[in-house]
Amino acid sequence: GAVVSQHPSWVICKSGTSVKIECRSLDFQATTMFWYRQFPKQSLMLMATSNEGSKATYEQGVEKDKFLINHASLTLSTLTVTSAHPEDSSFYICSAVPHLAIGYNEQFFGPGTRLTVL
Amino acid sequence: QKEVEQNSGPLSVPEGAIASLNCTYSDRGSQSFFWYRQYSGKSPELIMFIYSNGDKEDGRFTAQLNKASQYVSLLIRDSQPSDSATYLCAVNRQAGTALIFGKGTTLSVSS
């Protein structure tokens, strides 16, 4: 159990185009999902916190108009990179926290999406 | 600024030896501490977590936490070549909140 999927697993796009990445919890409901970004040889950096039915909370330095997050259901969050540029090329990873898991502190990571912007 | 610090390595150990990985954190309000293993190009996978001071053992892995020193470590006994990966230390303040990750330590186990 506790499987999180991401789609696509990798994407190559041209500069200026938009890319949507989906994060799904397959066998549990997730009130909260997190979006992280990892550049080569760097650690995971939190981009934003996505809560079902409400606006995402973005970390300092992350442009909310560029990285659009939608968490329309308890099993799906999407990250759209708008007008992508080569500097947005990175490994995007989501994680999900089980719904109503009070005090439960494990979050489950998706397999990641490798974005390359040409 | 909340930070998690790790030596980047590489840490090289022979097969069968004990590998010791260390991590320090700056936020005294941190309550939960996690060790993840990440293979190149893959997502992190949880090895173990620890909440209380002291040691916690799970198979070949032992996590050690010292909140007074703001220090957490991971020992890997009987290291195997398959343990070669980057090990990420992560912390958070309360359940259900985002994790703050260190940059990771690269471990190389030679056969």
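Going down the list, the protein sequences come from chains A and B.
Numbered per this note's numbering, the first sequence finishes at 118, counting up by one with no gaps.
Numbered per this note's numbering, the second sequence finishes at 1111, counting up by one with no gaps.
Even for Gly, the Cβ is constructed at its ideal location relative to N, Cα and C.
Because the structure is a prediction, the values reported are computed rather than measured.
Does the segment 1030 to 1049 of chain B come into contact with the segment 1082 to 1098 of chain B, if we say contact requires no fewer than three beta-carbon pairs (one atom in each stretch) closer than 8 Å? Judged by Cβ distances under 8 Å, the segment 1030 to 1049 of chain B makes contact with the segment 1082 to 1098 of chain B, as three or more pairs qualify.
Using DSSP bridges, identify the partner residues of P98 of chain A. A:A30
Leaving out five residues before and five after Q6 of chain A in sequence, what residues of the same chain have Cβ atoms less than 7 Å from its Cβ? I21, E22, C23, C94, G110, P111, G112, T113
Spell out whether any CB of chain B is found under 8 Å from the CB atom of E106 of chain A. yes
Please check the pair Y58 of chain A and A48 of chain A, which I expect to be a contact at CB under 8 Å, by giving their CB distance rounded to whole angstroms. 5 Å
Figure out for me which residue from B:G1104, B:N1022, B:N1066, B:L1074 has the closest Cα to the Cα of E1057 of chain B. Considering only alpha carbons, the answer is B:L1074.
Taking 6 Å as the limit between beta carbons, can you name the residues of its chain near E63 of chain A, skipping five residues before and five after? none
Do you know offhand how far E1003 of chain B's Cα is from M45 of chain A's? 11 Å
Let me check one thing: in DSSP terms, what residues is Y58 of chain A bridge-paired to? DSSP, once it has assigned bridges, lists A:A48 as partnering Y58 of chain A.
If you draw a straight line from the alpha carbon of R37 of chain A to that of S54 of chain A, how long is it in whole angstroms? 21 Å
Partner residues on chain B for S43 of chain A, Cβ-Cβ distance less than 7 Å: L1088, F1101, G1102, K1103, G1104
Out of curiosity, what's the CA-to-CA distance linking T78 of chain A and P1081 of chain B? So the alpha carbons of these two residues sit roughly 37 Å apart.
So, with DSSP's three-state summary, where would you put S1082 of chain B? helix
Just to confirm, are F1101 of chain B and S43 of chain A a CB contact at a threshold of 8 Å? With contacts defined as CB atoms closer than 8 Å, F1101 of chain B and S43 of chain A qualify as a contacting pair.
Under 7 Å Cβ-Cβ, which residues of chain B neighbour F34 of chain A? A1098
Rounded straight-line distance, which links the Cα of V1013 of chain B to that of K1103 of chain B: 20 Å
Can you find the residues in the same chain that come closer than 6 Å, C-beta to C-beta, to I12 of chain A, ignoring five residues on each side of it along the sequence? Listed in chain order, the non-local C-beta contacts of I12 of chain A below 6 Å within the same chain comprise T116, local neighbours out to five positions each way being set aside.
Looking at chain A, is there any beta carbon in it that lies within less than 8 Å of the beta carbon of S1030 of chain B? no
Endpoints, the beta strand (DSSP E) within which T116 of chain A is located: 113 to 117
Measure how close the beta-carbons of N51 of chain A and T31 of chain A come, nearest whole angstrom, since I'm counting them as under 8 Å. 7 Å
Residues that I93 of chain A contacts on chain B, provided the C-beta gap is smaller than 8 Å: S1043, P1044
I'd like to check one pair, D1078 of chain B with G1016 of chain B: are the Cβ atoms closer than 8 Å? yes
Need the endpoints of the beta strand (DSSP E) that E22 of chain A sits in, please. 19 to 25
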